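Peer 1: Positions in the sequence shown are counted from 1; adding 136 to them yields our numbering.
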Amino acid sequence: MIDFHCHLDLFAKPTAAVKEVEAAGIYTLSVTTTPKAYAGTKALSASSKRIRTALGLHPQLVRDRHGETDLFCKLVPTTSYVGEIGLDGGSDHAGSLPLQREVLARILRSCAATGGKILSLHSRHASGEVLELLAREPGCGIPIFHWFSGSIRDLDRAVEMGAWFSVGLPMMRSKRAAAMIDRIPRNRVLTETDAPFASTPDGIYPKKALLSTMDEIAKHWKCDVHEVRRTLLGNLTRLAEEKRKGAALGRSISLRHKAAAIS
Numbered sequence: 137m138i139d140f141h142c143h144l145d146l147f148a149k150p151t152a153a154v155k156e157v158e159a160a161g162i163y164t165l166s167v168t169t170t171p172k173a174y175a176g177t178k179a180l181s182a183s184s185k186r187i188r189t190a191l192g193l194h195p196q197l198v199r200d201r202h203g204e205t206d207l208f209c210k211l212v213p214t215t216s217y218v219g220e221i222g223l224d225g226g227s228d229h230a231g232s233l234p235l236q237r238e239v240l241a242r243i244l245r246s247c248a249a250t251g252g253k254i255l256s257l258h259s260r261h262a263s264g265e266v267l268e269l270l271a272r273e274p275g276c277g278i279p280i281f282h283w284f285s286g287s288i289r290d291l292d293r294a295v296e297m298g299a300w301f302s303v304g305l306p307m308m309r310s311k312r313a314a315a316m317i318d319r320i321p322r323n324r325v326l327t328e329t330d331a332p333f334a335s336t337p338d339g340i341y342p343k344k345a346l347l348s349t350m351d352e353i354a355k356h357w358k359c360d361v362h363e364v365r366r367t368l369l370g371n372l373t374r375l376a377e378e379k380r381k382g383a384a385l386g387r388s389i390s391l392r393h394k395a396a397a398i399s
């Protein structure tokens, strides 16, 4: 199984959550909400072969934590995964949108300068603006929209730009799920939990939510859950391959820049 957006460090018992993920054999992207949390979160799963930690600066925290942007950019070369980043235009955070845009633009520039990353993106009430910023930095990496809730128009544009999507149980059970999932290429879908913020009523890692998400996808794709599982694992393998190609490209770009500077 795959959980491509999970906040392992924010569980009441993070070490226990990591053990549950490991025991279940779940390939997990452990996203962070601030750069200062990155090192500690990465240490939680240092011995894991299936858990990867992403460097994040959550848009809902930008107003208070934008001073950590320098640290974020300093750490970007040390990781292949970036998230949770993005914009939040909800009523509680719209006031900080100008600052959020500034921070996200700088983050995307930093990702592009280091060869591109795999990006887990928050876009609540701001999907169009996130797409605009991504369009300005085409070398920033592979964008994966977490819990996409934007318009069909923005969804279509994201698909056209090559974006991926991580979907969880709340998204799949929404009234708009059918309209959304039918427009996303099957080879660009991954599953997520967004735990412990979603599908985690008892505070324990929600393995059952991933199983239910695959069941819901099977209903929309009109296939059995085994085919869904195979498709998702194939997608993850292809994403890893694209990441490796991107890393090689990034090293090539870096070498060319150094050669140009020497000459």
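Cβ coordinates follow ideal geometry from the N, Cα and C atoms, glycine included.
The structure presented is a predicted model; accordingly, all values stated were derived computationally and were not measured.
1) Please report the Cβ distance between A313 and H356, rounded to the nearest whole angstrom; I am assuming they are in contact, meaning their Cβ atoms lie under 8 Å.
2) Roughly how many angstroms lie between the CA atoms of R260 and R289, to the nearest whole one?
3) Shortest alpha-carbon distance to E220 belongs to which of N323, V167, V198 and R365?
4) Taking only three categories from DSSP, how would you classify R272?
5) Return the CA-CA distance between I389 and G339, expressed in angstroms with no decimal places.
6) Closest to M308 by CA distance: which of K155, C247, D351 and K344 is it?
7) CB-CB under 8 Å to D139, same chain, minus the five flanking residues each way: which ones, in chain order?
8) Would you decide whether A315 is buried or exposed? Buried here means 16 or more other CB atoms lie within 10 Å of its CB.
9) Between the C-alpha atoms of R322 and A152, what's the straight-line distance to the nearest angstrom?
10) Would V157 pass as an interface residue toward chain B - the criterion being a Cβ-Cβ separation below 9 Å?
11) Would DSSP call T220 helix, strand or coil?
12) Return the CA-CA distance between A354 and L235, expressed in angstroms with no decimal places.
13) Taking just the CA atoms, how far does T214 sit from A384?
14) DSSP puts F301 in a beta bridge; with which residues?
15) Using DSSP bridges, identify the partner residues of Y163.
16) Check S310 in the structure and name its three-state DSSP category.
17) So, with DSSP's three-state summary, where would you put L193?
18) Going by alpha carbons, who is nearest to G192 out of P171, R201 and S183?
19) Between the C-alpha atoms of T177 and C247, what's the straight-line distance to the nearest angstrom?
20) Checking 9 Å against the spacing of the C-beta atoms, do E265 and G225 come in under that value?
Peer 2: By the coordinates alone:
1) Rounded to the nearest angstrom, the Cβ distance from A313 to H356 is 7 Å, consistent with a contact under 8 Å.
2) Answer to the nearest angstrom: the Cα atoms are 15 Å apart.
3) For E220, the closest C-alpha among the options N323, V167, V198 and R365 is that of V167.
4) In the three-state reduction of the DSSP assignment, R272 falls in the helix class.
5) Any reading at I389 must be qualified, since the residue scores a pLDDT of 38, below 50, and its modelled position is unreliable; no value is offered.
6) It is D351.
7) So the qualifying residues of the chain are V157, I162, Y163, T164, L165, T327, E328, T329, A331 and L346.
8) A315 should be labelled exposed.
9) Roughly 33 Å separates the two Cα atoms.
10) Absent from the structure is chain B; it holds one protein chain and no more.
11) Looking at the sequence itself, residue 220 is Glu, so the reference to Thr does not match. E220 falls in the strand class under three-state DSSP.
12) When rounded, the distance between both Cα atoms is 40 Å.
13) With a pLDDT of 46 at A384, under the threshold of 50, the modelled position of this residue cannot be trusted; read the value that follows with caution. Rounded to the nearest angstrom, the two C-alpha atoms are 15 Å apart.
14) Looking at the DSSP output, F301 shares a beta bridge with F281 and V325.
15) Looking at the DSSP output, Y163 shares a beta bridge with I138.
16) In the structure shown, S310 falls within a coil segment according to DSSP collapsed to helix, strand and coil.
17) Here L193 sits in coil by DSSP.
18) Closest by alpha carbon: P171.
19) If you draw a straight line from the Cα of T177 to the Cα of C247, it is about 20 Å long.
20) A contact, by the Cβ cut-off of 9 Å.
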